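Listed in order, the protein sequences are those of chains A and B. Heads up, the first sequence is in the UniProt record's numbering, so the first residue is 1 and it goes up one at a time. Heads up, the second sequence is in the UniProt record's numbering, so the first residue is 1 and it goes up one at a time. The block underneath contains the structure these notes are about, expressed in structure tokens.
2 protein chains.
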Amino acid sequence: MSAGPEIERLIQLLSKLPGLGPRSARRAALHLVKKRDLLMAPLAAALQAAMDTITVCRVCGNLDSKNPCTVCSDPRRDPGIIVVVADVADLWALERAKAVNARYHVLGGTLSPLDGVGPDDLAIAPLVTRAHDPAVTEVILALNATVDGQTTAHYVTDLLGDAGVKVTGLAHGVPVGGELDYLDEGTLTTAIRSRTSMG
Amino acid sequence: MSAGPEIERLIQLLSKLPGLGPRSARRAALHLVKKRDLLMAPLAAALQAAMDTITVCRVCGNLDSKNPCTVCSDPRRDPGIIVVVADVADLWALERAKAVNARYHVLGGTLSPLDGVGPDDLAIAPLVTRAHDPAVTEVILALNATVDGQTTAHYVTDLLGDAGVKVTGLAHGVPVGGELDYLDEGTLTTAIRSRTSMG
């Protein structure tokens with residue numbers, strides 16, 4: 001240990017961030033110590049501010065310093081559509097893409113019997129309650145196109161059967177910018193089957 | 001902006017760390033907010049502790065919470081050898097490897113006329129002063145095998161000419177575990193020229 005326990009502790013914590021291993025955590029710690037005023041002090045303050053303010057939105061499960069969150073309290077959002085996502089990261093991805101001007105519902109994961117994740121571990125019951133609101137006309141299931149994601153989508157679709165809403169899922173097909181040569185057979189078959197009219 | 005200014009600020013600062021881009025900074029911020037007690041609070045505290053304690057060692061330029069640093073104040077280190085490195089990261093790398101049981105001198109960079117880095121921008125004068133200490137017998141120049149590193153090594157060697165110390169540099173050759181097939185011609189030529197007796 002050549003740099004004292006404080007730096008070792010900082011390296012150890014940084015290496016727990018996704019995307020940083022032990023080696024890059026060391027580089028990051030060194031970078032922070034060298035840029036004490038420009039980066040380290042602001043980062044410490046930002047972490048403290050985030051800790052003091054960020055809560056889980058009681059309506060949709062988003063993370064925000066407002067509660068209900070910025071999205072839920074935005075009057076320009078279509079109140080008739082709920083977009084169901086597995087994780088806050090998915091919500092952020094859809095917001096970055098400006099894919100839809102609606103509200104969200106974060107499940108907190110997908111059903112996964114192998115990992116012991118059942119319906120009671122996800123925010124499915126609150127979703128059913130929200131879907132029964134007469135203002136809601138459509139629930140879009142924006143879940144991953146994986147086995148767990150699609151299992152969850154079917155399970156939620158069944159539960160929403162008597163809520164009087166239209167339940168839809170994301171379209172499958174060739175990603176925009178994607179090259180056919182690199183796509184898997186399942187995607188190609190789906191893209192052919194779900195082909196659209198060009199005219 | 002779907003997550004409030006506090007998270008956006010945190011993402012922006014995290015994305016300035018080496019090894020984290022905008023996308024991975026977003027993932028890291030989300031991970032931090034989700035692990036508030038396990039990771040976010042300890043990281044905020046560790047940053048504050050590092051800010052409060054870490055200083056530049058007045059002898060060698062290492063970063064540590066002690067001053068002089070742990071290495072400089074370690075009585076088991078050979079006082080006769082100074083290992084010259086460009087950066088604190090290089091010092092840490094040598095310490096991790098337990099490559100040498102001596103003291104260090106951090107130059108703070110290498111001479112680089114193109115980038116406007118001259119001798120006065122580096123801790124070269126303090127090194128010459130240290131090298132004149134009668135206890136010092138050898139200065140090992142552990143600088144990168146790049147043009148800038150080797151230019152700096154030659155410059156420092158000239159300045160140490162009348163200090164009465166042996167000036168040495170790192171050996172060049174095949175890295176341990178390296179495959180000849182993947183090595184550049186310069187390394188291979190050097191490795192042949194500096195070949196050692198096997199007997």
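Here a beta-carbon is modelled for each residue, glycine too, at the ideal position from N, C-alpha and C. Computed from a prediction, not measured in an experiment: that's the story for all the values here.
Beta-carbon proximity of residue i to residue j, cut-off 8 Å
i        : j        : result
A/His172 : A/Ala145 : yes
B/Leu47  : A/Met40  : yes
B/Pro79  : B/Ala135 : yes
A/Ala131 : A/Val85  : no
A/Leu111 : A/Asp148 : yes
B/Gly19  : A/Ser24  : yes
B/Ser73  : A/Glu6   : no
Nonlocal neighbours in the same chain, by C-beta distance under 6 Å from residue i, ignoring five residues either side
i        : result
A/Pro68  : Cys57 and Val59
B/Ala191 : Gly173 and Val174
B/Leu107 : Ala86, Leu122 and Ala123
B/Arg26  : Ile11
A/Thr55  : Asn67
Spatial neighbours of residue i in its chain, beta-carbon cut-off 7 Å, leaving aside the 5 residues before and after
i                      : result
B/Asp90                : Ala142
A/Arg77                : Val71, Asn101, Ala102 and Arg103
B/Ser15                : Gly21, Pro22 and Ala25
B/Asp52                : none
A/Leu160               : Val128, Ala131, Val139 and Val167
residue 202 of chain B : Any answer about residue 202 of chain B is impossible in this case: the structure gives chain B only from 1 up to 199.
A/Lys35                : none
Closer than 8 Å to chain A by CB, residue i
i                      : result
B/Asp78                : no
B/Ala28                : yes
B/Pro42                : yes
B/Val85                : no
B/Ala46                : yes
B/Asp64                : yes
residue 232 of chain B : Nothing can be reported for residue 232 of chain B: it is not among the residues displayed for chain B, which extend from 1 to 199.
B/Pro75                : no
residue 212 of chain B : Residue coverage of chain B in this structure runs from 1 to 199, which leaves residue 212 of chain B outside it and unanswerable.
B/Ile7                 : yes
Cutoff 8 Å; reference residue i; Cβ partners in own chain excluding five residues on either side
i        : result
B/Glu95  : Val71
A/Leu170 : Ile140, Leu141, Ala142, Leu143 and Ala145
B/Ser194 : Ala171, His172 and Gly173
Per DSSP, the bridge partner or partners of residue i
i        : result
B/Leu63  : B/Val56
B/Tyr104 : B/Val83
A/Ile140 : A/Val83 and A/Thr168
B/Asp78  : B/Ala102
B/Ser73  : None, per the DSSP bridge assignment.
A/Ser112 : A/Val117
Euclidean distance between Cα positions of residue i and residue j
i        : j        : result
A/Val83  : A/Pro119 : 18 Å
A/Trp92  : B/His154 : 53 Å
B/Val128 : A/Val33  : 27 Å
A/Val176 : B/Ala45  : 44 Å
B/Pro42  : A/Asp158 : 43 Å
B/Asp37  : A/Ala50  : 12 Å
A/Pro113 : A/Thr151 : 10 Å
B/Lys98  : B/Gly178 : 20 Å
B/Val117 : A/Leu30  : 21 Å
A/Asp162 : A/Val88  : 27 Å
A/Pro126 : A/Gly61  : 10 Å
B/Asp181 : A/Leu180 : 35 Å
A/Cys137 : A/Ile81  : Here residue 137 of chain A turns out to be Thr, not Cys, going by the sequence shown. Roughly 6 Å between the two C-alpha positions.
B/Met198 : B/Arg9   : 59 Å
A/Leu188 : A/Gly109 : 27 Å
A/Glu185 : A/Asp133 : 40 Å
A/Thr196 : A/Leu13  : 50 Å
A/Asp115 : A/Pro75  : 39 Å
8 Å Cβ cutoff, residue i in contact with chain B
i        : result
A/Ile82  : no
A/Gly4   : yes
A/Ser24  : yes
A/Val88  : yes
A/Lys98  : no
A/His31  : yes
A/Pro68  : no
A/Arg36  : yes
A/Leu122 : no
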